[in-house]
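For reference, the structure discussed in these notes is given below.
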Amino acid sequence: MSIWWSLHLRREAASVPLARRLLIGTMETAGVDPDISYDLSLALTEACANAVEHGGDAAPGGSQAYRVTAYLDGEKCRIEVADSGPGLPRAQDFRPARADAEHGRGLCLIQELTDHVHIGAKPGLGGTVVSFDKILKWTKDPSLLTA
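Each residue of the sequence shown is one higher than the one before, starting from -4 at the first, in my numbering.
Written out as structure tokens, the structure is:
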């Protein structure tokens, strides 16, 4: 089974639960194990929150949107969150936050919840793309197949 969707969202806090609910609904309907769905939805929440907070240019005419794309293909789910912000610092300058920090733990959490993470520059106009994948486990009776 192969399912994919893409959302173009405003950089507003209200967009984060929308993306999360769509992902959870898609995975539930496809029959993905609830624990895997939870991990991926939490990782998506962190990536979207980063895009909302850091992913745009405050200058007039700057981007006030970001994009979320999810692919469920065979035994793997890949999620990409792309923004038009200033991008991340150079890899050698990036330091993960301390475990007790109030902010800055999102990327570390994404790495812990998923199997593979890639963080890079968005081709062309600038910005950041956070993509992550996770091997899927399935429930016995997916609602997509019983409808």
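Ideal Cβ placement from N, Cα and C applies to all residues, glycine included.
_Own chain residues within Cβ distance below 8 Å of serine 32, not counting five before or after_ = Leu18, Ile19, Met22 and Glu23
*Counting along the chain, where does the alpha helix (DSSP H) carrying aspartate 28 start and finish?*
Element bounds for aspartate 28: n/a, residue is neither H nor E.
*Pairwise C-alpha distance: glycine 101 and leucine 13*: 18 Å
*Nearest CA to the CA of cysteine 43: which residue from Lys135, Ser126, Lys71 and Gly69?*
Ser126
*Please report how far the alpha carbon of isoleucine 114 lies from the alpha carbon of isoleucine 74, in whole angstroms.*
12 Å
*Specify the secondary structure class of valine 115 as computed by DSSP and reduced to three states.*
The sequence given here places glycine at residue 115; valine does not occur at that position. If DSSP states are grouped into helix, strand and coil, glycine 115 belongs with the strands.
*Ignore the nearest five residues each way along the sequence and tell me which others in arginine 62's own chain have a CB closer than 6 Å to its CB.*
His3 and Ala77
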